[in-house]
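> Sharing a structure below in structure tokens format, with a few things to ask.
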Amino acid sequence: MLRHALILATLASILSSASAFSCPGVTENGFKPVCCMGKDGQVALNCIPAHQMGSENPTWECNAGPPYRSQGCCQSIGYTNPGTGMSIYLCSDYIGP
Numbered sequence: 001m002l003r004h005a006l007i008l009a010t011l012a013s014i015l016s017s018a019s020a021f022s023c024p025g026v027t028e029n030g031f032k033p034v035c036c037m038g039k040d041g042q043v044a045l046n047c048i049p050a051h052q053m054g055s056e057n058p059t060w061e062c063n064a065g066p067p068y069r070s071q072g073c074c075q076s077i078g079y080t081n082p083g084t085g086m087s088i089y090l091c092s093d094y095i096g097p
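Note that my numbering gives residue 24 to position 24 of the sequence shown, counting from 1, and the numbers run on in steps of one.
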């Protein structure tokens, strides 16, 4: 029982720490809302699609939990490092609230 309570508390903490964001104006250029393992400036690593909230004027959130904590408006450059398996993404400077 205690174990289930801890799991639920952890999940609630992760979900509440996820903040909604948007990518206005950049989606037309191929950038998509994503959650990444790491992001430094305009370069991100190993991104997955962000979770959509709402259908009209949607916002996005990173609720997959660790290690996908970095959010951004990014697109793959099509390269994966053969030594590490890490894929590289190019990100826009702008992320909306």
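All residues carry an ideal CB built from backbone N, CA and C; glycine is no exception.
Computed from a prediction, not measured in an experiment: that's the story for all the values here.
Jot down the residue ranges of each uninterrupted alpha helix (DSSP H) in the region 16-84, minimum 4 residues, whole runs only, in chain order.
Those alpha helix (DSSP H) runs which fall completely within the region 16-84 and span 4+ residues do not exist here.
> Per DSSP, what kind of secondary structure is S92 in: helix, strand or coil?
As a first step, residue 92 is located in the sequence shown; it is residue number 92 there, counting from the start. Looking at S92 - three-state DSSP - the assignment turns out to be coil, as it is neither helix nor strand.
> Out of E28, G30, N29, V43, which one is the CA nearest neighbour of Q71?
To locate residue 71, count along the sequence shown from 1; it is residue 71. The residue with the shortest Cα to Cα distance from Q71 is V43.
> Find out if the Cβ-Cβ distance for the pair P67, M86 is shorter than 8 Å.
Position 67 of the sequence shown, counted from the start, is the residue given in the question as residue 67. Position 86 of the sequence shown, counted from the start, is the residue given in the question as residue 86. No; because the gap between Cβ atoms is not below 8 Å, this pair is not in contact.
> Beta-carbon within less than 7 Å of I48's beta-carbon, same chain only, minus the 5 sequence neighbours each way: which residues are those?
By one-based count along the sequence shown, residue 48 stands at place 48. If we look at I48 and ignore the five residues flanking it on each side, its Cβ neighbours are V34, C35, A64, Y68.
> Mind checking N46: buried by the 16 CB within 10 Å criterion, or exposed?
Here residue 46 is taken as the residue at index 46 of the sequence shown, counted from 1. The residue in question, N46, is buried, as its Cβ has 16 or more Cβ neighbours within 10 Å.
> Are there 16 or more other CB atoms within 10 angstroms of the CB of Y89, so buried, or fewer, so exposed?
As a working note, residue 89 is residue 89 in the sequence shown. Result: buried.
> Only counting the same chain, and skipping five residues up and downstream in sequence, which positions put a Cβ closer than 7 Å to that of K39?
Numbered from its first residue, the sequence shown carries residue 39 at position 39. Closer than 7 Å at the Cβ level, and outside the excluded window around K39, lie S70, G72, C91.
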